Ligand code: 5AD
Ligand code: SF4
């Protein structure tokens, strides 16, 4: 009987992408990939270690899975993948003996072997960081590409050399590695061939991309975007996440010159106080960030900006926090993510003695989120009355609606008669509610937005 596998992903978009590549591996190993844990012969938890809450979720899920059985009546095989796997390794099996194997993010190409070993009763742990998994992973197959729909992630860079004092990524994902341009082009062509119209290039530090160009040199992210833009049928390109210090002038100008590059940029600053930025080892000041934003906005005046913020970093004073609020007021974000600082084992900030009390951090987070939400609402409201090209992505919750995305990444709901999934239609925005826009189709268009 065909065995069934279920992958559950937590955390960031890179995990979502990794899950699609792991699914390809599992299919190649004879599994049918299903979308529920019930009755699965293999459950793979693709975990996140970025904050304590995210990491703890894994253990609660493992507890729930303890008694799980597959369709055959045998106990479900349980694997732990992702960043918790990398950070905790064998400790996971000690804490939850029901786990059959552990596989870190750079070892996914070993999945079939690990499953075979686990099947024999061994409890293998694969957390080597110094391999290039992309060289070994099964190529995405047609079936998984079709399952991705009209938008897809594509990892072009992985790992981080920045070592921000709060962050586990350099430890869980290893050093920065860029995939060669030819590999990325290959995968992108395959995605477009399978119906993908928008690709989001992923990397923990994507704008530091410097993949081999096949001629003995390297190509920057702007160069890669340019090459990708030459693919007929690919209408939209996005990338995430970027570090301010790696925002090259060519990438800034690509936002002016490359029509397929969408006017949306996720550029985390984390904090607005130079003292805190220094303690975070961010290696830039608030003023340098603002100046960079000004240059990007000069290149692309309608650009929607997004960011990440941490409040309550050790030693953050009221005055430091006010500096974050001031920066946010100055920059004006279209959307943003904000978090309470969470000490992560093994990171430099975790051992500092001047941790901020939880209530203080909570109160700051509330104030920051209120400001960011107001900015997002204002940005969305500002779109009412405008016309924007919308890439239709999927059926809406209501059967008479389709949902697409504006160039600024906002979900846009339109009547189902608007067109087919994959079309880019011109929409007159009539209303903004919550995080979504609503509108009427004015005309069909299929060119890049
Ligand atoms: N505590 C809280 N937030 C964190 N982030 C990263 N590490 C931590 C931490 N220890 C946030 C940063 C980063 C985003 C992905 O998660 O804002 O940009
Ligand atoms: Fe973490 Fe991003 Fe800093 Fe790298 S640049 S250490 S991924 S927060």
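Numbering (the numbering used here), first residue to last: -11 to 437.
All residues carry an ideal CB built from backbone N, CA and C; glycine is no exception.
Small disclaimer: the values here were computed from a predicted structure and weren't measured.
**Asked** So, helix, strand or coil for residue 308, using DSSP?
**Response** Helix, per DSSP.
**Prompt:** Distance, Cα to Cα, residue 408 vs residue 172?
**Reply:** The straight-line gap from Cα to Cα measures roughly 28 Å.
**Message:** Is residue 157 near the ligand SF4 - that is, is its Cβ less than 7 Å away from at least one heavy atom of it?
**Reply:** Within the chosen limit of 7 Å, the ligand SF4 reaches the beta carbon of residue 157 through at least one heavy atom.
**Message:** Cutting at 6 Å between CB atoms, please list the residues of its own chain near residue 168, excluding the five before and the five after it.
**Reply:** Apart from sequence neighbours up to five positions away, the residues of its chain that approach residue 168 with a beta-carbon distance below 6 Å are 199 and 200, ordered along the chain.
**Request:** Take the Cβ of residue 8 as the centre, count every other Cβ of all protein chains shown within 10 Å, and call the residue buried at 16 or more, exposed below.
**Result:** Buried is the call here.
**Item:** C-alpha distance - residue 150 paired with residue 237, whole-angstrom precision
**Value:** Residue 150 and residue 237: Cα-Cα distance of roughly 20 Å.
**Request:** Rank 47, 174, 185 and 259 by C-alpha distance to the C-alpha of residue 319 and give the top, closest one.
**Result:** The candidate whose alpha carbon is nearest that of residue 319 is 259.
**Closest by C-alpha distance to residue 291, when choosing among 34, 280 and 419** = Residue 280 is the option with its Cα nearest to residue 291.
**Message:** Report the start-end ranges of each beta strand (DSSP E) in the stretch 226 to 312 that is 3 residues or longer and not cut off at the edges.
**Reply:** Given a length threshold of 3 residues, each whole run of the beta strand (DSSP E) inside the stretch 226 to 312 is given here in chain order: 252 to 254 and 292 to 299.
**Message:** In whole angstroms, give me the CA-to-CA distance for residue 16 and residue 234.
**Reply:** If you take the alpha carbons of residue 16 and residue 234, they lie about 38 Å apart.
**Message:** Please identify the residue among 406, 388, 404 and 381 whose C-alpha is closest to the C-alpha of residue 397.
**Reply:** Between residue 397 and the set 406, 388, 404 and 381, the nearest pair of CA atoms involves 381.
**Request:** Rounded to whole angstroms, what's the CA-CA distance from residue 105 to residue 98? Just pull it up for me.
**Result:** Using only the alpha carbons, I get a separation of about 11 Å.
**Start-end ranges of the beta strand (DSSP E) lying completely within the stretch 52 to 118, minimum 3 residues** = Runs of the beta strand (DSSP E) inside the stretch 52 to 118: 65 to 69 and 89 to 91.
**Request:** Could you tell me which residues DSSP pairs with residue 329 in its beta bridges?
**Result:** DSSP, once it has assigned bridges, lists no residue as partnering residue 329.
**Inter-residue spacing [alpha-carbon to alpha-carbon] between residue 277 and residue 312** = About 12 Å.
**Residues near residue 331 by beta carbon distance below 6 Å, same chain, minus five either side** = Closer than 6 Å at Cβ, skipping near neighbours: 338.
**Request:** Pull up the DSSP beta-bridge partners for residue 426, would you.
**Result:** When beta bridges are read from the DSSP output, residue 426 appears opposite 401 and 419.
**Prompt:** Taking the alpha helix (DSSP H) that residue -4 falls in, what are its first and last residues?
**Reply:** Here residue -4 belongs to no alpha helix (DSSP H); instead the beta strand (DSSP E) covers -9 to -3.
**Message:** For the ligand SF4, is there any heavy atom lying closer than 7 Å to the beta carbon of residue 309?
**Reply:** In this structure, the ligand SF4 has no non-hydrogen atom nearer than 7 Å to the beta-carbon of residue 309.
**Prompt:** What is the rounded straight-line gap between the Cα of residue 14 and the Cα of residue -3?
**Reply:** Their Cα atoms are separated by approximately 15 Å.
**Asked** Name the DSSP bridge partner or partners of residue 203?
**Response** None, per the DSSP bridge assignment.
**Asked** Beta-carbon separation of residue 230 and residue 195 under 8 Å?
**Response** Taking 8 Å as the Cβ cut-off, residue 230 and residue 195 qualify as a contacting pair.
**Request:** Classify residue 413 as helix, strand or coil using the three-state DSSP reduction.
**Result:** The DSSP-derived three-state label of residue 413 is strand.
**Asked** Mapping DSSP to helix, strand and coil, what is residue 335?
**Response** Coil at residue 335, not helix or strand.
**Asked** For the ligand 5AD, any of its heavy atoms closer than 7 Å to the Cβ of residue 185?
**Response** Checking every heavy atom of the ligand 5AD against the Cβ of residue 185, none is found closer than 7 Å.
**Message:** So, with DSSP's three-state summary, where would you put residue 193?
**Reply:** Coil.
**Asked** Quick one: is residue 54 buried, meaning 16 or more other Cβ sit within 10 Å of its Cβ, or exposed?
**Response** Classification for residue 54: exposed.
**Request:** May I ask you to list the residues that DSSP assigns as paired with residue 382?
**Result:** Looking at the DSSP assignment, residue 382 forms a beta bridge with 391.
**residue 251 and residue 395 closer than 8 Å at C-beta** = Inclusion of residue 251 and residue 395 in the CB contact set at 8 Å is warranted, their separation being smaller than that value.
**Request:** Following the continuous beta strand (DSSP E) through residue 367, name the residue where it begins and the one where it ends.
**Result:** Annotation: residue 367 is outside any beta strand (DSSP E); the continuous alpha helix (DSSP H) that includes it extends over 346 to 369.
**Message:** With a threshold of 6 Å on Cβ separation, who are the neighbours of residue 388 within its own chain once the five nearest residues in sequence on each side are excluded?
**Reply:** Taken in chain order, the residues that qualify are 404.
**Asked** What number of angstroms, rounded off, separates the C-alpha of residue 60 from the C-alpha of residue 0?
**Response** Answer to the nearest angstrom: the Cα atoms are 33 Å apart.
**Item:** Residue environment, residue 21, which counts as buried when at least 16 other CB atoms sit within 10 Å
**Value:** Taking every protein chain shown into account, the CB of residue 21 has 16 or more other CB atoms within 10 angstroms, so this residue is buried.
**Request:** Return the bridge partner residues of residue 24 from the DSSP annotation.
**Result:** Note: residue 24 sits in no beta bridge, so no partner.
**Request:** Measure the alpha-carbon distance for residue 402 versus residue 373 and round it to whole angstroms.
**Result:** In a straight line, the C-alpha of residue 402 is about 15 Å away from that of residue 373.
**Message:** According to DSSP, simplified to helix, strand and coil, what is residue 188?
**Reply:** In the structure shown, residue 188 sits in a strand (DSSP, three-state: E or B).
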